[in-house]
Amino acid sequence: MEKIELKSSEAAGRSLDPSDWSQLRQDAHRMLDDMLDHLQGIEDRPVWRPPPPAQPVPLPRGSRTLADVYAEFRDRILPYTIGNTHPGFMGWVHGGGTVVGMLAEMLAAGINPNLGGRDHVPIAIERQITAWMAQSLGWPDDSSGLFVTGSSVANWIGLHTAITTRLRQQNRRHGLTTAMAANLVGYTSAAAHHCVRRGFELSGLGNASLRVIDIDEHSRIRCDQLIAAIEQDKAAGVEPFFIAATSGTIDVGGFDDLEALSQIAKHYNLWLHVDGAIGGIATLSSQLAPRLAGIEHADSLAMDFHKWSQVPYEAGFVMVRDPVLHRQAFETVAAYLSRETRGMAAGSPWPCDFGPDLSRGFKALKVWFSLQVYGADALGAVMEHTCELASELADMIGAQEQLELLAPVTLNIVCFRAKHPTAADELNRRLSIALQESGRVAPSLTSYRGRKALRAAIFNHRTRREHIVELVQLACQLAKEISADLDLSAAPVGETL
Ligand SMILES: *Cc1c(COP(=O)(O)O)cnc(C)c1O
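Each number in the working numbering comes from the position in the sequence shown (counting from 1) with 3 added on.
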C-alpha cells in the first residue's frame with residue numbers, strides 16, 4: 004500500500020480539546036473548588052433573588068477563554084438560581100441535590116456514553132439500579148426499568164404500555180382508531196398530579212377518558228366511588244382498563260391504598276400504575292415503607308430520584324413489572340440499530356426498546372454513586388427527618404394565633420395559611436411572595452380545597468429545625484405587616500386618618 008502523507012495543516016486537526024491542558028487543569032480545579040465552596044457556604048446566601056432582566060446576546064461567532072465565560076457564569080447565573088440547594092427552600096417539590104451527585108454528573112459527562120443501547124457497562128449500571136429497585140419493591144427480578152427525565156414522562160410510559168397491552172399492539176399500527184380504543188377509560192383521584200391527565204392527552208385517548216374520583220380527608224382515592232364509577236362505565240358499555248394510583252400526592256403527601264386498589268384492579272382486570280414521583284422511593288425507609296403496602300402487585304411505577312432521594316436533576320425512572328409488555332410497547336426495528344451477539348452491537352434488549360428516547364445520558368451513575376456512598380439507610384433517614392420537621396412545623400403553626408393549618412400533616416408537606424377575616428387569599432398570595440423575596444425561607448403558594456395556602460414541602464436534606472422556626476416567625480411578622488396594608492387599603496376613604 005502506498006504511504007498516505009498528511010499535510011501539516013491536517014495534522015493539527017480541529018479537535019476541541021484544549022491546546023494547553025495545564026491551563027485547562029487550573030481552570031477546572033478552580034471551578035470545582037468554587038462549587039464546593041458554594042455548597043459549603045450555601046446558607047451565607049439568600050435562597051433566591053429576583054433575576055435581572057435578560058439581555059439579547061447575538062450568537063457568539065468567535066471564541067473566549069474558558070476562564071472568561073466561567074466568570075460570566077459566576078456573576079450572571081450562579082447567584083440567580085431558584086435556590087433548591089438552600090435549606091430554606093421549601094417551595095414546590097424539589098430535591099436538594101448532593102455533592103456526590105454533582106461529582107458523578109461530571110464523571111458521566113466525561114465518559115459521555117450514550118445509553119440508548121450497545122454493549123457497555125454503563126447500561127449494566129442502569130440495570131443494576133433497576134434490580135435494586137425491583138428488590139426494594141418486591142417485584143420480580145426481571146422487571147424492566149428505565150431512566151427518563153422525570154415522572155411526567157414515566158407516568159406516560161406506564162400509561163402507553165397499559166394501552167398497548169390492552170389493544171394487543173394494534174394501536175402501534177392503526178393508532179386509536181379501533182372501536183375498542185374509543186371505549187377505553189381510566190381512573191385516577193382528584194389529588195393526582197396534572198401529568199396523569201396530560202398523559203391521557205398525549206396518548207391520544209383524550210382526557211375525557213380519564214375519570215377523576217373523589218378523595219378522602221387524607222387525599223386518598225375513595226375506593227367505594229372508584230368501584231361505583233367502574234360499574235357505571237361497564238353498564239354504559241365502555242371499557243375500564245387502567246388505574247393511576249398516587250403514592251405521595253403533591254398537595255399533602257397522601258398515599259392511595261395500594262392493597263385495596265390492587266384487589267380492584269385484579270377483580271376488574273385493570274392495569275395498576277402507581278405515580279410514585281414522591282413516595283415511590285419510600286421503600287428505603289422501614290418507617291415509611293408500610294405506606295407502599297400493595298406496591299408489589301402494581302403493573303408499573305413512576306418515580307423520581309431527583310426529589311426525595313436528593314439525586315441532582317434529572318433522574319426520573321419508570322418500572323414495568325412485565326418486561327415483555329414494556330418492550331412490546333416501544334421496540335422498533337431499524338437497520339442502523341440492528342443487534343449482534345458479539346461486538347459492540349450485542350447486549351440486546353437495549354434501553355431504547357423500552358421508551359421513546361434513543362440518545363440517553365448516564366443518569367444511572369449519579370444514582371449508583373448516591374446509593375453506595377450514602378447507602379439506602381441514610382437516604383431513608385433523610386426522608387424520615389423531613390417528615391419529623393414537617394410534623395414539628397405543624398405543631399408550631401397550631402400554636403400561633405395568626406396561622407392555621409389547612410390539612411393534616413402525614414408526610415413532609417405542610418399546607419397552612421395566615422388568617423384574615425375578609426382577605427385571606429390575597430394576604431397569603433402576598434405573603435408567599437414576601438417570604439420568597441426575603442431570601443430566608445421560601446414556601447410556595449397553592450390552593451387547598453379552594454383556599455389559597457402556603458405550602459412548605461420539606462424535601463431538602465439540608466433543612467434543619469432552625470429553618471422551620473424561621474419560617475413560622477417570618478410568616479407571622481410579614482403577615483402582620485401585609486394585613487395592616489390590606490386593612491389600610493380596604494378602609495373607606497376618610498377613615499384612614
Ligand atoms: C413531581 C411530580 C410529578 C412530575 O414529575 P417530574 O419529575 O416533575 O416530571 C408527578 N407526580 C407527582 C406526584 C409529583 O410530585
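The beta carbon of each residue, even a glycine, is placed where N, CA and C say it ideally should be.
Review point. Around the Cβ of Lys237, are there at least 16 other Cβ atoms within 10 angstroms (buried) or fewer (exposed)?
Key: Against the sequence shown, residue 237 aligns to sequence position 234. By the 10 Å Cβ count, Lys237 comes out exposed.
**Study point:** contact_flag[the segment 322 to 340, the segment 62 to 76] where n(CB pairs < 8 Å) is 3 or more
**Key:** no
Review point. Among the residues of its own chain, which have a CB less than 7 Å from the CB of Ala379, if the five just before and after it don't count?
Key: Indexing the sequence shown from 1 puts residue 379 at position 376. Result list for Ala379: Leu287, in chain order.
Practice item. Would you be able to state if there are at least three C-beta pairs under 8 Å between the segment 408 to 416 and the segment 358 to 367? Key: no
Point to revise | Residue range of the beta strand (DSSP E) that includes Thr536 | key: Since the displayed the chain opens at 4 and closes at 500, residue 536 lies outside it and no answer follows.
Exercise for review: Taking only the alpha-carbon atoms, compute the straight-line gap between Ser394 and Glu429 and give it to the nearest angstrom.
Suggested key: In the sequence shown, the residue the question calls residue 394 occupies position 391. In the sequence shown, the residue the question calls residue 429 occupies position 426. So the two alpha carbons sit approximately 26 Å from each other.
Practice item. Please work out which residues of its chain come closer than 6 Å, Cβ to Cβ, to Ala482, disregarding the five sequence neighbours upstream and downstream, and give them in chain order. Key: On the sequence shown, position 479 is the one that residue 482 refers to. Excluding residues within five positions, the ones whose Cβ falls inside 6 Å are Gln405, Ala421 and Leu434.
Review point. Going by beta carbon distance, what residues of the same chain come within less than 6 Å of Pro53, once the five residues before and after it are set aside?
Key: Counted from its first residue, the sequence shown places residue 53 at position 50. Closer than 6 Å at the Cβ level, and outside the excluded window around Pro53, lies no residue.
Exercise for review: Assign Leu500 to one of two classes, buried (16 or more other C-beta atoms within 10 Å of its C-beta) or exposed (fewer than that).
Suggested key: To locate residue 500, count along the sequence shown from 1; it is residue 497. Any reading at Leu500 is ruled out, since the residue's pLDDT is 43, under 50, leaving its predicted position unreliable.
Practice item. Would you check if there are 3 or more beta carbon pairs closer than 8 Å linking the segment 136 to 145 to the segment 174 to 182? Key: no
Practice item. With DSSP as the reference, label Asp144 as helix, strand or coil. Key: Here residue 144 refers to the residue found at position 141 of the sequence shown. Note: Asp144 maps to coil in three-state DSSP.
Review point. So, helix, strand or coil for Gly279, using DSSP?
Key: Within the sequence shown, numbered from 1, the residue matching residue 279 stands at position 276. In this structure, Gly279 counts as strand in the three-state DSSP scheme.
Review point. When DSSP labels each residue in this structure, what does Thr425 get in the three-state scheme?
Key: Against the sequence shown, residue 425 aligns to sequence position 422. In this structure, Thr425 counts as coil in the three-state DSSP scheme.
Check your understanding: If you drop the 5 nearest sequence neighbours on each side, which residues of the same chain put their C-beta closer than 6 Å to that of His309?
Key -> Walking along the sequence shown from the start, residue 309 turns up at place 306. Around His309: Gly98, Tyr316, Glu317 and Ala318.
Exercise for review: Quick one: residues in its chain with C-beta nearer than 7 Å to the C-beta of Ala437, no 5 flanking neighbours on either side, listed in chain order?
Suggested key: Against the sequence shown, residue 437 aligns to sequence position 434. The residues are Leu481 and Ile485.
Check your understanding: Cβ of His300 versus every heavy atom of ligand 1: is any distance shorter than 8 Å?
Key -> If you number the sequence shown from 1, residue 300 lands on position 297. Not under cutoff, so the answer is no.
Check your understanding: By the 10 Å Cβ neighbour count, where 16 or more other Cβ atoms means buried, how is Pro55 classified, buried or exposed?
Key -> Start at 1 with the first residue of the sequence shown, and residue 55 comes out as number 52. Classification of Pro55: exposed, given that the 10 Å Cβ count is below 16.
Check your understanding: Which runs of the beta strand (DSSP E), 3 residues or longer, sit entirely within the segment 97 to 181?
Key -> 147 to 151
Review point. Any heavy atom of ligand 1 closer than 8 Å to the Cβ of Val96?
Key: As a first step, residue 96 must be located in the sequence shown, where it is residue number 93. Val96 Cβ: within cutoff of ligand 1.
Review point. Secondary structure at Arg223, three-state DSSP: helix, strand or coil?
Key: Position 220 of the sequence shown, counted from the first residue, corresponds to residue 223. Arg223: coil per DSSP, three-state reduction.
Check your understanding: When the Cα of Gly240 is compared with those of Arg17, Ala185 and Asp227, which residue comes out closest?
Key -> Here residue 240 refers to the residue found at position 237 when the sequence shown is read from its first residue. Closest by alpha carbon: Ala185.
Practice item. Compare the C-alpha of Glu46 against each of Ser492, Arg467 and Leu489 and name the closest. Key: On the sequence shown, residue 46 is found 43 positions in, with the first residue counted as 1. Answer by Cα proximity: Arg467.
Review point. Of all the CB atoms in chain D, is at least one closer than 9 Å to the CB of Ala332?
Key: Here there is only one protein chain, and chain D is not present.
Check your understanding: What is the C-beta distance between Pro116 and Phe320, in whole angstroms, given that I count them as a contact (C-beta under 8 Å)?
Key -> Your numbering for residue 116 matches position 113 in the sequence shown. Your numbering for residue 320 matches position 317 in the sequence shown. In fact, because the Cβ distance is near 18 Å, the residues do not count as touching under 8 Å.
Review point. Is it a yes or a no for the segment 222 to 231 touching the segment 197 to 207, going by three-plus beta-carbon pairs under 8 Å?
Key: no
Check your understanding: Who are the Cβ neighbours of Ala338 in its own chain at under 7 Å, not counting the five residues just before and after it?
Key -> If you number the sequence shown from 1, residue 338 lands on position 335. Cβ neighbours of Ala338 beyond the five flanking positions: none.
Point to revise | beta-carbon Ile281 near ligand 1 non-hydrogen atom, thresh 8 Å | key: Counting from one through the sequence shown, the residue named residue 281 turns up at place 278. For ligand 1, at least one heavy atom lies less than 8 Å from the Cβ of Ile281.
Practice item. Tell me, please, whether the segment 282 to 299 touches the segment 108 to 128 by the rule of three or more beta-carbon pairs shorter than 8 Å. Key: no
Exercise for review: With a threshold of 16 other CB atoms inside 10 Å of the CB of Glu129, please say whether the residue is buried or exposed.
Suggested key: Counting from one through the sequence shown, the residue named residue 129 turns up at place 126. Answer is buried; the Cβ neighbour count reaches 16.
Check your understanding: CA-CA distance, Gly161 and Ser303?
Key -> Reading the sequence shown from its first residue, position 158 is the one you call residue 161. Reading the sequence shown from its first residue, position 300 is the one you call residue 303. Approximately 6 Å between the Cα atoms of the pair.
**Study point:** Strand pairing of Gly189, partner residues [DSSP]
**Key:** Your numbering for residue 189 matches position 186 in the sequence shown. Beta-bridge pairing links Gly189 to Leu213 and Phe245.
Check your understanding: What is the DSSP secondary structure of Phe76, counted as helix, strand or coil?
Key -> Taking the first residue of the sequence shown as position 1, residue 76 is located at position 73. Correct three-state label for Phe76: helix.
**Study point:** Three-way DSSP call (helix, strand, coil) for Val323 in this model
**Key:** The sequence position of residue 323 within the sequence shown is 320, counting from 1. If DSSP states are grouped into helix, strand and coil, Val323 belongs with the strands.
Point to revise | Enclosing beta strand (DSSP E) for Leu304 [first to last residue] | key: Walking along the sequence shown from the start, residue 304 turns up at place 301. Counting along the chain, the beta strand (DSSP E) containing Leu304 begins and ends at Ser303 to Asp307.
Check your understanding: Quick one: is Trp24 buried, meaning 16 or more other Cβ sit within 10 Å of its Cβ, or exposed?
Key -> For the purposes of this step, residue 24 is taken as residue 21 along the sequence shown, with counting starting at 1. Exposed: under 16 other Cβ atoms inside 10 Å.
Review point. Between which two residues does the beta strand (DSSP E) harbouring Ser373 extend?
Key: By one-based count along the sequence shown, residue 373 stands at place 370. No beta strand (DSSP E) holds Ser373; the alpha helix (DSSP H) holding it covers Lys366 to Val376.
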